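Visitor: Got a structure here, written out as structure tokens. Questions coming.
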Amino acid sequence: MALMLSMTLTRPTARTLDAIDRPVPEPAPDQILVRVRACGVCRTDLHVVDGELPDTTIPIVPGHEIVGVVERVGRDVAGLAPGDRVGIPWLGYACGVCEYCRSGRENLCRQARFTGYQIDGGYAEFALADARFAFTLPPEYDDVHAAPLLCAGLIGYRSYRMAGSGRRLGIYGFGAAAHIIAQVAVHEGREVFAFTSPGDTAAQDLARTLGAAWAGASTEAPPEPLDAAIIFAPVGRLVPEALSRVVPGGVVVCAGIHMSDIPSFPYRLLWEERSVRSVANLTRQDARDFLALASRIRPRTHVQPYALSDANAALTDLREGRVHGAAVLVPTSQNLHK
Ligand SMILES: [Zn+2]
Ligand SMILES: [Zn+2]
4 MALMLSMTLT
14 RPTARTLDAI
24 DRPVPEPAPD
34 QILVRVRACG
44 VCRTDLHVVD
54 GELPDTTIPI
64 VPGHEIVGVV
74 ERVGRDVAGL
84 APGDRVGIPW
94 LGYACGVCEY
104 CRSGRENLCR
114 QARFTGYQID
124 GGYAEFALAD
134 ARFAFTLPPE
144 YDDVHAAPLL
154 CAGLIGYRSY
164 RMAGSGRRLG
174 IYGFGAAAHI
184 IAQVAVHEGR
194 EVFAFTSPGD
204 TAAQDLARTL
214 GAAWAGASTE
224 APPEPLDAAI
234 IFAPVGRLVP
244 EALSRVVPGG
254 VVVCAGIHMS
264 DIPSFPYRLL
274 WEERSVRSVA
284 NLTRQDARDF
294 LALASRIRPR
304 THVQPYALSD
314 ANAALTDLRE
324 GRVHGAAVLV
334 PTSQNLHK
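Under the working numbering, the residue at position 291 of the sequence shown is numbered 294, and the numbers go up by one with no gaps.
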């Protein structure tokens with residue numbers, strides 16, 4: 004029986020992954036088996052590994068930005084064949100029949116299951132996926148550079164759309180999602196104001212390189228008031244901070260799956276029709292829309308590759324703010340390329 008390396012969370016809140024050899028799984032009738040070529044490291048993976056999310060399946064292989072090549076297909080799979088390159092995102096299953104699913108909101112399906120959270124993900128040499136939740140990727144991107152499109156890009160784009168069409172867009176937390184979405188916003192003629200942790204000049208430099216009109220610390224006032232703000236950092240105190248920077252009618256979008264508690268704040272920050280909303284997960288339509296857009300405007304993804312076996316180092320670097328752009332795991336049997 005063929006074995007594969009998987010980096011596995013074996014206990015809740017273990018905060019570290021174990022390298023485990025396990026049998027290469029067999030696809031069920033509606034599944035594909037994918038040989039992983041690259042898997043992005045998302046902040047959500049940190050929340051899974053740190054035990055900050057409820058309902059995590061244990062043991063679990065994290066990773067929901069999977070770029071791979073189809074190795075085998077289940078007998079009911081149509082439209083995919085061995086050798087095809089696919090991307091596998093966070094949404095791994097939705098029921099298709101509930102009210103949410105039938106109204107274009109499968110991201111909110113109560114039966115939904117998520118890759119690298121309830122379904123084993125891409126921190127392994129092989130992964131299984133429901134063929135209906137796998138996507139063809141823009142050929143303009145190589146495997147490593149395509150990986151961040153699958154969550155940072157997709158969920159970042161859903162958050163961006165929820166921010167409306169105002170010209171001046173603030174982005175709090177300039178990591179993987181922000182660095183992609185800033186390019187989309189600039190391409191569409193918006194002005195981007197990038198807020199980082201105080202002193203994170205590397206992230207501020209990256210933001211300016213990608214076309215941000217201004218970059219500074221999250222505690223600073225932008226040179227102009229914002230029409231909307233997206234918060235990618237998991238920091239609750241940024242909610243009143245961002246609200247204080249948006250104009251009347253402005254929106255603050257919380258894009259992460261987890262955030263520290265939001266401190267109480269005076270009603271005047273919300274008054275005048277400002278709003279706060281969260282964005283949860285993605286729909287397959289979001290994926291199709293964003294991947295088509297990416298193919299057209301080609302936002303560059305800045306990647307920091309790590310060997311699959313160094314997944315814990317990648318997570319630690321992300322936790323400690325040492326990743327600029329996106330960390331991506333690459334199985335060591337393949338070439339690391341930047
Ligand atoms: Zn459903
Ligand atoms: Zn993610």
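C-beta atoms are modelled at their ideal positions from N, C-alpha and C, and glycine is treated no differently.
Just so it is clear, the structure is predicted and the values come from calculations on it, not from any experiment.
Which word fits Thr342, buried or exposed, when buried means at least 16 other C-beta atoms lie within 10 angstroms of its C-beta?
Guide: As displayed, the chain neither begins before 4 nor continues past 341, which places residue 342 out of reach and without an answer.
Visitor: If you count every other CB in all the chains shown that lies within 10 Å of the CB of Pro92, and 16 or more means buried, which is it?
Guide: The residue in question, Pro92, is buried, as its Cβ has 16 or more Cβ neighbours within 10 Å.
Visitor: Within the continuous beta strand (DSSP E) that includes Cys98, where are the two ends?
Guide: That residue, Cys98, is in no beta strand (DSSP E); it is neither H nor E in DSSP.
Visitor: Measuring only from the beta carbon, is Cys42 closer than 7 Å to any heavy atom that is part of ligand 2?
Guide: Checking every heavy atom of ligand 2 against the Cβ of Cys42, none is found closer than 7 Å.
Visitor: Looking only at DSSP bridge pairs, what is Ser278 linked to?
Guide: Paired residues: Val254.
Visitor: At a cut-off of 7 Å, is Tyr96 close to ligand 1 when judged by its beta-carbon and the heavy atoms of the ligand?
Guide: Result no, Cβ not under 7 Å from ligand 1.
Visitor: Got a list of residues with beta-carbon closer than 5 Å to any non-hydrogen atom of ligand 2, in chain order?
Guide: Working through the chain, the matches are Cys45, Thr47 and Cys154.
Visitor: Does Tyr163 come out as helix, strand or coil in the three-state DSSP assignment?
Guide: Reduced to three states, the DSSP call for Tyr163 is helix.
Visitor: CB Ala134 to CB Val70, shorter than 8 Å?
Guide: Against a cut-off of 8 Å, the Cβ pair of Val70 and Ala134 comes out as no contact.
Visitor: Terminal residues of the continuous beta strand (DSSP E) containing Ser298?
Guide: Per DSSP, Ser298 belongs to no beta strand (DSSP E); it is in the alpha helix (DSSP H), Arg287 to Ile300.
Visitor: I want to check one thing, is the minimum distance from the CB of His107 to the heavy atoms of ligand 1 below 7 Å?
Guide: Note on residue identity: the sequence assigns Gly, not His, to residue 107. No - ligand 1 has no heavy atom lying nearer than 7 Å to the Cβ of Gly107.
Visitor: Would you tell me roughly how many angstroms separate the C-alpha atoms of Val279 and Cys257, rounded to the nearest one?
Guide: Rounded to the nearest angstrom, the two C-alpha atoms are 7 Å apart.
Visitor: Give the straight-line distance between the Cα atoms of Ala330 and Pro62, rounded to the nearest whole angstrom.
Guide: Their Cα atoms are separated by approximately 23 Å.
Visitor: Locate the alpha helix (DSSP H) running through Thr47, then write down its first and last residues.
Guide: Looking at the DSSP string, the run of the alpha helix (DSSP H) that includes Thr47 is Arg46 to Val52.
Visitor: Where does Pro62 sit, in a helix, a strand or coil, going by DSSP?
Guide: The answer is coil: DSSP assigns Pro62 none of H, G, I, E or B.
Visitor: Check for me: the beta strand (DSSP E) holding Val333 runs from which residue to which?
Guide: Where Val333 is concerned, the enclosing beta strand (DSSP E) stretches over Ala329 to Val333.
Visitor: Would you say Val249 and Ala231 are within 8 Å of each other, going by their C-beta atoms?
Guide: Contact flag set, yes.
Visitor: For Gln121, verify whether its CB is less than 7 Å away from any heavy atom of ligand 1.
Guide: No, the Cβ of Gln121 stays beyond 7 Å of every heavy atom of ligand 1.
Visitor: Beta strand (DSSP E) containing Ile69: first to last residue?
Guide: Looking at the DSSP string, the run of the beta strand (DSSP E) that includes Ile69 is Ile69 to Val76.
Visitor: Below 7 Å, is the gap between the Cβ of Gln344 and the nearest heavy atom of ligand 1?
Guide: Past the edges of the chain, shown from 4 to 341, lies residue 344, and the structure says nothing about it.
Visitor: Relative to the C-alpha of Tyr175, which candidate in Leu157, Thr212, Asp203 and Ala149 has its C-alpha closest?
Guide: Nearest of Leu157, Thr212, Asp203 and Ala149 to Tyr175, Cα basis: Asp203.
Visitor: Determine the direct distance from the alpha carbon of Ile300 to that of Gly119, and round the result to whole angstroms.
Guide: Near 29 Å, if we compare the C-alpha coordinates of Ile300 and Gly119.
Visitor: Tell me which same chain residues have a C-beta within less than 7 Å of the C-beta of Glu143, skipping the five on either side of it?
Guide: Around Glu143: Ser298 and Arg301.
Visitor: Where Ala210 and Ala31 are concerned, what is the direct C-alpha to C-alpha distance, given to the nearest angstrom?
Guide: One C-alpha to the other measures close to 44 Å.
Visitor: Just grab the DSSP bridge partners of Asp21 for me.
Guide: Note: Asp21 sits in a beta bridge opposite Thr11.
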